[in-house]
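Have a look at the structure below before the remarks.
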Amino acid sequence: MHEETRERIMKVLEWGRKAIHIGFIPFVLYLGFTRSTPRPNILRLISPLAA
Amino acid sequence: MADFKKPAAAAAAASPVSQGFAQDVLNKFAAFRARMNLPSPGPWENLHREMKSVQSTNFLVEGAKFDLTSVLSPNFTVMHSFAWGSAQYPPSYHFGSMYASGKTMMHGQIDDQGGLQARAHYNWAAPQLPPAATEPFDPTKPADQQQPLPAELPKTASTSKVTAHMSGQPGQNMVQLEHDHVGSDYSINVKAVNPNPFDKAASWASKGSTTSTTGVYQLAYLQSVTPTVALGSELVYQRMLPDSEESALSFALRYAPAPTPVPPPSTLPMGMPSPFPPVDPKAPTQVFTSVYSPGTGLLHSSYWRRVSQRLEVCAELQLLMTGYGKMGPGRREGLASVGFKLDTINSTIRGMIDTTGRLSAILEERIVGGIAFQLSGEIDYAKGGGGAGRVGIGFVMEA
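So the sequences go chain by chain: A and B.
Once you know that position 13 of the first sequence is 13 in full-length UniProt numbering, the rest is easy, because the numbers rise by one and skip nothing.
Once you know that position 369 of the second sequence is 369 in full-length UniProt numbering, the rest is easy, because the numbers rise by one and skip nothing.
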């Protein structure tokens, strides 16, 4: 395998890693807010006391 | 496993001519296995689980801690966690969120430094209905009005897991791919940490090859051999850099005698309903686990026992024994500890002492519903000046 190809693969993997690093928590929150019944109030994200 | 083979055995009986001798032996073996009615040994990583839930060092708080958990819906939870006042670690804040539905589970946690811990599980086995939102155990009600024990969930599971730890700095990221299969009487676990099939070739590799596979790979297998004994083995292959290869083999033994009836708490007058959560009568009351890895010379044994409905005790022994070899003269070191966990109506107390003179205790007091207060202390008598101690308080709120 060429050194260049290896570097290219590493670059793509690094991009994927960054995408997961930034996107994972928002993705879980999105799933939680759209797919759970009953739909929770968005304010409860910050405080559990909001109804 | 035996369940899958039963139809095969029936088919074999229907057309005995077409089946060879080997098939016959296999079928007999499967039928024998089914007759033995062996329990599931549980996954490899749960080998010392009973002991870990008793030892107080796994629950210590240092400085102050404030956990706030919001259950937004039965399958969606958000968590805020603050910690400060520790001598070892700077103040920190963690935000966590978890989404679980049927077969999938996703959990993410991010701290104030930007470090992310992500976990995703997918269970391939038949969807297990999550235990329907049962009301929590209420000590004020008599026993016959309590919620019955949840129906026994199928013990078999086949779960794929991805775990990632990510921080901003390069070289501190970890990705782990794992598959966990728990059968009726055996369990298999396959793990790959930071697998990289495109790494540079090793210096000793032949001219033609330009890549090598690096990472840490683990394979573990546990099998119940009698209703009380399970044996297992784990192989770890490490290749962090193309030029360094290492492997290690461990062996495990788990002995869990048939459960004896757990006596009710003796402090209660006869006939009074027990205020403590019910105990599964089929769960073992004593477990002895031992894991030995000949390569490193490490022996890790533990013994756990449920003495009564409210008291559990455990003992742990870790021995390091290496012979005279390339690494210099042999070493013999040991560490033993004993601990207990006691439940009272509104609190849980854990205490532990080990042979280096480290004594620790934790009190967890449940104030109302989802609010709990923790008080934790640890003192190391072996340290100079009469010992070094650490205390901590924690406040946990769930709504």
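Here a beta-carbon is modelled for each residue, glycine too, at the ideal position from N, C-alpha and C.
- Residues of the region 64-81 of chain B that bring their beta carbon within less than 9 Å of a beta carbon in chain A comprise Leu68, Thr69, Ser70, Val71, Leu72, Ser73, Pro74, Asn75, Phe76, Thr77, Val78, His80, in sequence order.
- For the region 167-184 of chain B, the beta-carbon criterion of a distance under 7 Å to any beta-carbon of chain A is satisfied by Asn173.
- Check the Cα spacing between Phe24/A and each of Glu50/B, Phe32/B, Val162/B: the tightest is with Val162/B.
- The beta carbon of Gly392/B lies closer than 6 Å to those of Val61, Glu62, Gly63, Ser376 in the same chain, with the five residues before and after it left out.
- By the C-beta criterion, the region 25-34 of chain B is judged not to be in contact with the region 291-302 of chain B, since fewer than 3 inter-stretch pairs fall below 8 Å.
- By the C-beta density criterion, Ser206/B is exposed, having fewer than 16 other C-beta atoms within 10 angstroms.
- At a cut-off of 9 Å between C-beta atoms, Gly387/B does not count as an interface residue with respect to chain A.
- As the crow flies, the alpha-carbon of Leu116/B is around 36 Å from that of Gly334/B.
- One alpha carbon belongs to Thr57/B, the other to His181/B, and they sit about 29 Å apart.
- For Leu43/A, no chain B residue has a C-beta closer than 9 Å to its own C-beta; the minimum C-beta separation is roughly 10 Å.
- Here Ala100/B has Asn75 as same chain residues with Cβ atoms under 6 Å from its own Cβ, once five neighbours each way along the sequence are excluded.
- Chain A has no Cβ within less than 9 Å of the Cβ of Phe251/B.
- Judged by their CB atoms, Ala164/B and Glu178/B are not nearer to each other than the 9 Å cut-off.
- Here Asn27/B is buried. Its C-beta has 16 or more other C-beta atoms within 10 Å.
- Contact note: Ser101/B reaches chain A through Leu31, Arg35, Ser36, using a C-beta cutoff of 9 Å and chain order.
- With a beta-carbon spacing of about 16 Å, Val307/B and Ala256/B fall beyond the 8 Å limit used to define contacts.
- Boundaries of the beta strand (DSSP E) around Pro197/B: 186-200.
- Among the residues of chain B, those whose CB is under 8 Å from the CB of Val28/A are Ser97, Met98, Tyr99, Met106, His107, Gly108, following chain order.
- DSSP places Lys52/B in the helix class (H, G or I) of the three-state scheme.
- In the three-state reduction of the DSSP assignment, Asn123/B falls in the strand class.
- Here Ile371/B is bridged, per DSSP, to Val368/B, Met397/B.
- Fewer than three beta-carbon pairs drawn from the region 323-332 of chain B and the region 340-360 of chain B are found closer than 8 Å, and the two stretches are therefore not classed as touching.
- Per the C-alpha coordinates, the member of Val25/B, Glu45/B, Leu72/B, Pro39/B positioned closest to Pro38/A is Leu72/B.
- Non-local beta-carbon contacts of Ile349/B in its own chain, meaning distances under 6 Å to residues more than five positions away in sequence, involve Leu342, Leu363 in chain order.
- Cβ neighbours of Ile110/B within its own chain (closer than 6 Å, five residues either side excluded): Phe95, Leu116.
- Sorting Gln374/B, Met98/B, Ala252/B, Val25/B by C-alpha distance to the C-alpha of Leu235/B places Ala252/B at the top.
- Put simply, of Phe395/B, Leu219/B, Ser290/B the residue whose alpha carbon is nearest the alpha carbon of Ile367/B is Phe395/B.
- Segment contact: the region 184-198 of chain B against the region 209-221 of chain B, three or more CB-CB distances shorter than 8 Å; contact assigned.
- Cβ-Cβ distances below 6 Å link Val229/B to Tyr255 in the same chain, with the five nearest sequence neighbours on each side left out; the list follows chain order.
- Under the three-state reduction of DSSP, Glu4/A is assigned to helix.
- The contact set of Ala118/B on chain A, defined by CB atoms closer than 9 Å, consists of Ile20, His21, Phe24, Ile25, Val28 in chain order.
- Rounded to the nearest angstrom, the Cβ distance from Ser81/B to Gly183/B is 36 Å, too far for a contact under 8 Å.
- Rounded to the nearest whole angstrom, the CA to CA distance from Ile20/A to Ser160/B is 18 Å.
- In the three-state reduction of the DSSP assignment, Asp180/B falls in the strand class.
- Here Asp343/B is bridged, per DSSP, to Thr348/B.
- Closest option to Gln374/B, judged by alpha-carbon separation, among Leu359/B, Asn346/B, Ser250/B: Asn346/B.
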